[in-house]
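Residue numbers (our numbering), protein chains in the order written: chain A, 1 to 166; chain B, 1001 to 1166. Input: a single structure, listed below in structure tokens.
2 protein chains.
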Amino acid sequence: MQQIVYRPIGILHTPFHSVRGMPIQPVGAIGVVGRLEVYPEFEEGLRDLDGFSHVIMLYHLHKIQGHALSVRPFLDTSERGIFATRSPRRPNPIGISVLRVLSVTGNMVELENVDMLDQTPVLDIKPYVADFDVWDADRFGWFDGVSGNAVRVRSDGRFESAPSCE
Amino acid sequence: MQQIVYRPIGILHTPFHSVRGMPIQPVGAIGVVGRLEVYPEFEEGLRDLDGFSHVIMLYHLHKIQGHALSVRPFLDTSERGIFATRSPRRPNPIGISVLRVLSVTGNMVELENVDMLDQTPVLDIKPYVADFDVWDADRFGWFDGVSGNAVRVRSDGRFESAPSCE
Chain A
1 MQQIVYRPIG ILHTPFHSVR GMPIQPVGAI GVVGRLEVYP EFEEGLRDLD GFSHVIMLYH
61 LHKIQGHALS VRPFLDTSER GIFATRSPRR PNPIGISVLR VLSVTGNMVE LENVDMLDQT
121 PVLDIKPYVA DFDVWDADRF GWFDGVSGNA VRVRSDGRFE SAPSCE
Chain B
1001 MQQIVYRPIG ILHTPFHSVR GMPIQPVGAI GVVGRLEVYP EFEEGLRDLD GFSHVIMLYH
1061 LHKIQGHALS VRPFLDTSER GIFATRSPRR PNPIGISVLR VLSVTGNMVE LENVDMLDQT
1121 PVLDIKPYVA DFDVWDADRF GWFDGVSGNA VRVRSDGRFE SAPSCE
């Protein structure tokens, strides 16, 4: 099958050194500060980024091994199809977080609300634009009534060092 | 440098067969219907997806060659750092679109507001959850006052068949 090859544009520095006990979404990491260190060869691409209050970050969930098509999410007690969850053990383990930009200095971007592991490789950052990214969604499936719990629920070990692809 | 290898989970069928003239964001493609054909080995992962009105789709911008660190975006007349734009000619050409789910039938997901090229390889779909994805952003940099134009501005050829990495 076709392969798609990417290379990280930088690496994250965050207070989270273990999957266990870390926040599962930025809403559970309000005020947590981290830094994106963009590799020097990409620094030019950061120009104008300081005009935005928020960015969308795409990153590689580098501690996830293998994937599952059905998982029991952190916020639920039932198994769900992986594409109906935000769980990390996905066929392509790409994470997405909307983060607040505190400052851009050279190749360093200081960010707030970081919910990623330290040393996470970053694939892309895009400006968060309300006209593009805010939608009037009205059905949230199994998240209905439980997504608010992400403010306090923490990760456990269920998705780390898991057996290979199913 | 480290390589990250992904494999598509499926392919998109859309009405757009050429980069030129296509919408640049889902807000410019309201009502446009397309289909995600998930490869059969991933079909199980779609369970429960029909409970959601919207999904976040991540896809590989397969017609983009090379990248640029400064680009003149479709909505602007000035050059901007690539990470302060939504332009496709990124170091890692990953696109993101929030789409309305019309139906999920077997391995087929019918979607509305599609702004992607036909035959685009899909990397991931995640449920759109307002509690996670809607943020009270208040600064939109150079997009301020122009992001609304994405409703009518169409793509041209500026990012296709471009010279190799800069």
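Beta carbons are placed, not taken as given, at the ideal position from N, Cα and C, and that holds for glycine.
Between the CA atoms of residue j and residue i - distance to the nearest angstrom
i                : j                : result
I1030 of chain B : L69 of chain A   : 31 Å
P1040 of chain B : R1086 of chain B : 31 Å
G1157 of chain B : R1035 of chain B : 25 Å
S147 of chain A  : H1054 of chain B : 15 Å
P1015 of chain B : V1027 of chain B : 16 Å
L1075 of chain B : N107 of chain A  : 26 Å
Y1101 of chain B : A1150 of chain B : First, the residue type needs correcting, since residue 1101 of chain B is Val and not Tyr in the sequence shown. Roughly 21 Å between the two C-alpha positions.
M1057 of chain B : E44 of chain A   : 27 Å
H1067 of chain B : G145 of chain A  : 42 Å
S103 of chain A  : F52 of chain A   : 10 Å
D136 of chain A  : D118 of chain A  : 33 Å
V1032 of chain B : T77 of chain A   : 36 Å
R7 of chain A    : P1093 of chain B : 11 Å
H17 of chain A   : H1017 of chain B : 45 Å
M1116 of chain B : P1023 of chain B : 8 Å
T1105 of chain B : T105 of chain A  : 48 Å
L111 of chain A  : H1013 of chain B : 37 Å
S1164 of chain B : P73 of chain A   : Reliability of the predicted coordinates at S1164 of chain B is poor, the pLDDT of 39 falling under 50, and no value is obtained from them.
Contact check, residue i vs residue j, beta carbons under 9 Å
i                : j                : result
I1009 of chain B : D1124 of chain B : yes
V109 of chain A  : L49 of chain A   : yes
R154 of chain A  : G21 of chain A   : yes
F132 of chain A  : V19 of chain A   : no
R1089 of chain B : V1071 of chain B : yes
Q2 of chain A    : P1121 of chain B : yes
P91 of chain A   : F1042 of chain B : yes
V1005 of chain B : V5 of chain A    : yes
V134 of chain A  : V1134 of chain B : yes
Residue i Cβ short of 8 Å to the ligand HEM heavy atom set
i              : result
I94 of chain A : What this structure holds is no ligand at all, so the ligand HEM is not there to describe.
*asked:* What are the residues in the stretch 1071–1086 of chain B lying within 8 Å of chain A by C-beta distance?
replied: If you check each beta-carbon in the stretch 1071–1086 of chain B against every beta-carbon of chain A, the ones closer than 8 Å belong to R1080, G1081, I1082, F1083, A1084, T1085 and R1086.
*Is there contact here, the stretch 1072–1082 of chain B with the stretch 1093–1102 of chain B, by at least three beta-carbon pairs under 8 Å?*
Because the criterion of three Cβ pairs below 8 Å is not met, the stretch 1072–1082 of chain B and the stretch 1093–1102 of chain B do not touch.
_Segment contact, 8 Å Cβ cut-off, at least three pairs: the stretch 1054–1066 of chain B with the stretch 1138–1145 of chain B_ = Counting Cβ pairs under 8 Å, fewer than three are found: no touch.
*Name, going along the chain, the residues of the stretch 1001–1027 of chain B whose beta-carbon falls closer than 8 Å to a beta-carbon of chain A.*
Identification of residues in the stretch 1001–1027 of chain B having a C-beta nearer than 8 Å to some C-beta of chain A yields M1001, Q1002, Q1003, I1004, V1005, Y1006, R1007, P1008, I1009, Q1025, P1026 and V1027, given in sequence order.
*asked:* Give me the subset of the stretch 102–120 of chain A whose CB atoms are less than 8 Å from a CB atom of chain B, sorted by chain position.
replied: Residues: none.
*asked:* So within the stretch 67–149 of chain A, which uninterrupted alpha helix (DSSP H) runs reach at least 4 residues, ignoring any that extend past its ends?
replied: Here the runs fully enclosed are 130–133.
*3 or more residues per run - each beta strand (DSSP E) lying fully within the stretch 1038–1071 of chain B*: Counting only runs that start and end inside the stretch 1038–1071 of chain B, the beta strand (DSSP E) elements of at least 3 residues fall at 1054–1060.
*Closer than 9 Å, Cβ to Cβ, to anything on chain B: give me those residues from the stretch 37–51 of chain A, in chain order.*
In summary, the residues of the stretch 37–51 of chain A whose CB is separated from some CB of chain B by less than 9 Å are V38, Y39, E41, F42, E43, E44, G45, L46, R47, D48, L49, D50 and G51, in the order they occur in the chain.
_chain A contacts made by the stretch 1124–1142 of chain B, where a contact means CB separation under 8 Å_ = So the close ones are D1124, I1125, K1126, P1127, Y1128, V1129, A1130, D1131, F1132, D1133, V1134, W1135, A1137, D1138, R1139, F1140, G1141 and W1142.
_Residue ranges of each beta strand (DSSP E) within the stretch 1008–1041 of chain B, 3 or longer_ = If we require 3 residues or more, the beta strand (DSSP E) runs fully inside the stretch 1008–1041 of chain B come out as 1010–1013 and 1033–1038.
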